[in-house]
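As structure tokens, the structure follows; a few thoughts come after it.
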Amino acid sequence: MVQTPTAEAMAFAPADHDALGAPPLFHPSDCALRRAFDQTMITPCQMWRDRVLDEARHTADLVHLVHLFGVHPGTAVRFVHAAHPDKALPSIR
Numbered sequence: 000m001v002q003t004p005t006a007e008a009m010a011f012a013p014a015d016h017d018a019l020g021a022p023p024l025f026h027p028s029d030c031a032l033r034r035a036f037d038q039t040m041i042t043p044c045q046m047w048r049d050r051v052l053d054e055a056r057h058t059a060d061l062v063h064l065v066h067l068f069g070v071h072p073g074t075a076v077r078f079v080h081a082a083h084p085d086k087a088l089p090s091i092r
């Protein structure tokens, strides 16, 4: 008979182990992804910003950027202004 963990045991399991006490599985793809970032000398954050900026270059649609990347509308405006400086509205003071 296999014992299953109780809800209480699952709630208080250490973060580095699963509910049964086994260590987390190692995924070789994690190592490959880390190596790819190390070789290119860019960070995941820089890659994300580049992706958002590239999308803003293709479309100046703020709503599209908000829905696609889950960014705040103000952030979407900054990316569109960076991608299309000729279309930027003058600042209101």
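Numbering (numbering that gives the first Met the number 0), first residue to last: 0 to 92.
Glycine is no exception: its CB is placed at the ideal position from the N, C-alpha and C atoms.
Of the listed residues the options, nearest to residue i (C-alpha basis)
i	options	result
residue 59	46, 31, 84	84
residue 73	31, 61, 82	61
residue 71	51, 46, 86, 87	51
residue 87	63, 45, 55	55
Span separating the alpha-carbon of residue i from that of residue j
i	j	result
residue 34	residue 78	29 Å
residue 36	residue 80	28 Å
residue 43	residue 82	20 Å
residue 75	residue 40	26 Å
residue 31	residue 38	10 Å
residue 53	residue 68	12 Å
residue 57	residue 49	12 Å
Element boundaries [alpha helix (DSSP H), containing residue i]
i	result
residue 74	72-82
Coarse secondary structure for residue i, derived from DSSP in three states
i	result
residue 87	coil
residue 131	For residue 131 there is no data in the structure shown, the boundaries of the chain being 0 and 92.
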